[in-house]
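When you line the sequence shown up against mature numbering (1 follows the signal peptide of the UniProt record, and there is no 0), it's residues -19 to -1, 1 to 356, in that order. Built from N, CA and C at the ideal position, the CB exists for glycine as well. Values in this document were obtained by computation on a predicted structure and should not be read as measured data. Structure first, then comments.
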Amino acid sequence: MKSAFVLLAFLAVSQGVLRIPLKRGKSARQQLEERGLFQEYRKRFPYNPAAKFLPRVEQSVVPLTFDPDTTYYGEIAIGTPPQVFKVLFDTGSSDLWVPSTSCNSSACDIHLKFSSSASSTFQAGTNTFHISYISGYASGTTGYDIVQVNNLYVDHQIFGLTDTEADFLGFVPWDGILGLAFPGLSLEGGTPIFYNMWNQGKIPQDMFSMYLSSSVEGSMLILGGTDSDYYAGSLNWIPVNGATNYWNIKIQSITINGNTVACSGGCEAVVDSGTSYIIGPSKDIGNINGWLGASTDQFGETFVSCSNMNILPEIMFNINGYNFALPPSAYIIQSSSSCRTGFGSGTWILGEVFMRQYYTAFDIGNNRVGFAQAV
């Protein structure tokens, strides 16, 4: 595993930016369906992607929901010598955490674990952390160590070491999470890793960007700027809306064939790489799915006939005066047996379904998000 990580070094810094390859692993849904366990887990761990965006006054801990369709991950290493982990690069949270060797949950047994005693540069922290789930939780302690992202080294980075994890984490394709939202969301009480990269002079701009491919290979996280190889035209910039600590933007409307079908009068949405679908209030999402002729199952998932793919309409998102079109190929998730729509109920979130269609830049220095047509 270590040698595979080292081999990524050939993707070195070019003009100052750092490229981290992302892969699409087998989703929890796929793994559970192969074992005939998906319906059981769906009942035990309801999908509530909006939970982690509730105001802090409504929660005593930071929740993370069971999202069975998140698939993208990249590799980092922690400690000396480096211990390699797959992490979800999550723009909807601010903390870095991985399983520890003290974790005896079955979920941890399936993933790589960090051994603090095996790292000569590890320093124990004084804080504990607790991440709540709809039906379960993850908790543990904090520590500090060197974190390596490709050939960039971040010194004295705080991170969480879980000693208990919810069962469903055993089926996600990543070991832990690396948060890329703002410092105010940090549950661990430290400086998020991207801010330390900037503060320690490791990147040329206070910005990162993502290209999410539909293929297993080819996705990329770019630290310190953008890469025009991954998008067409120019980036359209949207200011972050409000002081929420999330990548929160204002949508003016969502239309189909010129008809406003959702977000009438405007709405706020979080741009979140840690959510697989596009999420919105049930009335709006129901209206969108109604225009698509979709039917809903007992878990709230919506399906269309795969034979209708070529006659489904574009869905237009008007954001800051720019029009961003989603064709059926973007919002329909096709498997061997069905075609699901990529929309779910909750507060507005633009997740992977939107980000696969539009290369996304997150500009901390100027407090804005940029979208351009992905190539």
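DSSP, reduced to helix, strand and coil, places C320 within a strand of the structure shown. Rounded to whole angstroms, the gap between the alpha carbons of L3 and F305 is 24 Å.
Our two residues, T122 and T107, have alpha carbons roughly 8 Å apart in a direct line. Annotation for S190: no alpha helix (DSSP H) segment contains it, though the beta strand (DSSP E) segment containing it runs 188 to 192. Every unbroken stretch of the alpha helix (DSSP H) spanning 4 or more residues and falling wholly within the stretch 195 to 278 is given here in chain order: 263 to 272.
Shortest Cα-Cα distance from F110 to any of P294, G171, W218 involves G171. For S286, the number of other beta carbons within 10 angstroms of its own is below 16, and it is reported as exposed.
For K7, there is no enclosing beta strand (DSSP E), as DSSP marks it with neither H nor E. The beta carbon of L204 lies closer than 6 Å to those of L(-2), I184, F189 in the same chain, with the five residues before and after it left out. Secondary structure note for V334: its alpha helix (DSSP H) is the uninterrupted segment 333 to 338. Per DSSP, the beta bridge partners of T123 are G141. Setting aside the 5 residues that flank it on each side, S195 is surrounded in the same chain by R337, each with a C-beta closer than 7 Å to its C-beta; the list follows chain order. Contact between Q138 and D126 holds: their C-beta atoms lie close to 7 Å from each other, under 8 Å.
In this structure, the alpha-carbon of T283 lies about 7 Å from that of N270.
For Q129, DSSP records a beta bridge to A58, Y134.
Looking from the CA of T225, the closest CA among W179, V128, V251, S245 belongs to V251. Per DSSP, P80 lies in no alpha helix (DSSP H); the unbroken beta strand (DSSP E) holding it starts and ends at 77 to 80. For G160, DSSP records a beta bridge to D71.
Assigned with DSSP and collapsed to three states, A306 falls in strand. Here DSSP, grouped into helix, strand and coil, assigns F66 to strand. For Q315, there is no enclosing alpha helix (DSSP H); the residue is found in the beta strand (DSSP E) stretching over 313 to 315. The alpha-carbon separation between L293 and I158 amounts to approximately 35 Å.
Rounded to the nearest whole angstrom, the CA to CA distance from P154 to I91 is 10 Å.
The beta carbon of Y28 lies closer than 8 Å to those of T46, F47, D48, P49, F280, G281, G325 in the same chain, with the five residues before and after it left out. The residue from N177, V135, I235, G332 with its alpha-carbon nearest to that of W228 is G332.
Q129 sits away from A99, with the two beta carbons spaced by 8 Å or more.
Only exposed fits K7, as fewer than 16 other CB atoms lie within 10 angstroms of its CB.
D90 carries a helical assignment under DSSP once its states are collapsed to helix, strand and coil. The beta carbon of G124 lies closer than 7 Å to those of S97, F103, Q104, A105, G106, F140, L142 in the same chain, with the five residues before and after it left out.
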